[in-house]
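Taken in sequence, the protein lines are chains A and E.
Take the first sequence: its position 29, counting from 1, is numbered 832 in the working numbering, and each next residue is one higher.
Take the second sequence: its position 67, counting from 1, is numbered 870 in the working numbering, and each next residue is one higher.
Heads up, the beta-carbon is just placed ideally off N, CA and C, and yes, glycines get one too.
Note that the structure is a prediction, hence the values are computed from the model and not measured.
Number of protein chains: 2
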Amino acid sequence: MSLSVYEIEEGAKLAPRFDLHEFLPCITMDHASGEILMLGYMSPEALQMTIKTRKATYYSRSRKKIWVKGETSGLTQHVEEIMIDDDQDCILLKVKVDGGASCHVGYRSCFYRKLKPGSGDDLEFTIKEKVFDPVKVYGPGAATH
Amino acid sequence: MSLSVYEIEEGAKLAPRFDLHEFLPCITMDHASGEILMLGYMSPEALQMTIKTRKATYYSRSRKKIWVKGETSGLTQHVEEIMIDDDQDCILLKVKVDGGASCHVGYRSCFYRKLKPGSGDDLEFTIKEKVFDPVKVYGPGAATH
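Put into structure tokens, the structure is as follows:
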């Protein structure tokens, strides 16, 4: 299927453009708070599963397999809205998260660090407070140190 | 520089992990409204320029060059916050946009299409209203049809 730029940008048909590795980046937002929870990647199968099951399903590039978010942690993401960008190479999911947290490190969002003002070579972050203990949710394997 | 998973995830130091092509995806959000405007990509140089100039600067993968957002359209993105995700392979920018619009197709956000409910093979979108005429902002070259 070959669509024109006009059809891709102005069209009403879903025509996702996966990258060379067959991945599509997916921005996931908390539907209630508007907080960005994570950036994941979807394979064609993961996108189909997400649309059909209404549970956010990604492709884990490190584990090389389909990953239904929450299958280990219980922090399932229930899909409320699916949006796509102009050139159809990025998905935006608006979700309701079971348990209210999302990030495996123990935060509501994967974006828990904000860069402090400045532009030197040794840039530092302000870090938010954790909302859960990942070892309790994911087991001892969750410890990264 | 080789950091442990713990240092990358829990550390207070900026240590961005660019992909094999030396790109880092960047989610850009309107600081005031919380609307997601776009997903762009940054090269190491684009990230440095963004931090130093406080104007969102991307790498255009199609044009293969650094792209200071707004240099053609005037829709400059002034950076209010820079956040990074757990494994430091995605940036989140919170910006104030000159002109109030961002997408070259004529919308406030690149995410102007929402998938209608359903899971058939012929999935369709609901499309938002445009907020500006791209031909007036970008010139006749902006027309994609």
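Using a Cβ-Cβ cut-off of 8 Å, state whether residue i counts as contacting chain E.
i      : result
A:V908 : yes
A:I869 : no
A:F914 : yes
A:L926 : yes
Is the CB of residue i under 8 Å away from at least one CB in chain A?
i      : result
E:L850 : no
E:T947 : For E:T947, the predicted structure reports a pLDDT of 49, less than 50, and the residue's modelled location is therefore unreliable. The matter cannot be settled from this model.
E:M845 : no
E:G903 : no
E:G873 : no
Give the range of the beta strand (DSSP E) segment to which residue i is assigned.
i      : result
A:K899 : I894 to V900
A:K868 : K868 to V871
A:T929 : F928 to I930
E:R820 : Counting along the chain, E:R820 falls outside any beta strand (DSSP E), and DSSP gives it neither H nor E.
E:K933 : Looking at the DSSP string, E:K933 is not in any beta strand (DSSP E), and its letter there is neither H nor E.
A:R916 : R916 to L918
For the alpha helix (DSSP H) holding residue i, just list the boundary residues, first then last.
i      : result
E:L850 : P847 to T856
A:P937 : P937 to Y941
A:V808 : V808 to E813
Using a Cβ cut-off of 8 Å, pull out every chain A residue sitting near residue i, in sequence order please.
i      : result
E:E825 : Neighbours of E:E825 on chain A: none; closest Cβ ~15 Å, over 8 Å.
E:L918 : L817, I854, E884, I885, M886 and I887
E:L896 : Those within 8 Å of E:L896 in chain A number zero; the least Cβ separation is about 10 Å.
E:G837 : G837
Which one of the options has the shortest CA to CA distance from residue i?
i       : options                           : result
E:P937  : E:R916, E:G909 and E:G921         : E:G909
E:Y844  : A:C893, A:H834 and A:A818         : A:C893
A:Q891  : E:V898, E:E927, E:D890 and E:W870 : E:E927
A:A859  : A:D901, A:P920, A:S805 and A:A818 : A:D901
A:D854  : A:V871, A:L840 and A:L842         : In the sequence on display, residue 854 of chain A carries Ile and not Asp. Taking only the C-alpha atoms, the option nearest A:I854 is A:V871.
E:K897  : E:S863, E:E874, E:D888 and E:G837 : E:G837
E:I839  : A:K939, A:A904, A:L918 and A:L895 : A:L895
A:P943  : A:S846, A:P819 and A:S876         : A:S876
A:H1035 : A:K931, A:A904 and A:E874         : The structure shown does not extend to residue 1035 of chain A, since chain A is modelled only from 804 through 948, so no value can be given for it.
E:L827  : E:A815, E:F914 and E:Y862         : E:Y862
E:E812  : A:R916, A:S805, A:K899 and A:Y809 : A:R916
Find the residues of chain E that neighbour residue i, judging by a C-beta separation of less than 9 Å, and give them in chain order.
i      : result
A:M841 : D888, D889 and C893
What residues match up with residue i in a beta bridge as DSSP calls it?
i      : result
E:H881 : E:K858 and E:K899
A:P828 : A:Y844
A:D890 : Its beta-bridge partners do not exist; DSSP assigns none.
E:S863 : E:K868
A:D925 : Per DSSP, none; premise fails for A:D925.
Taking C-beta pairs closer than 7 Å, name the residues in chain E that residue i reaches, listed in chain order.
i      : result
A:P828 : P828 and L842
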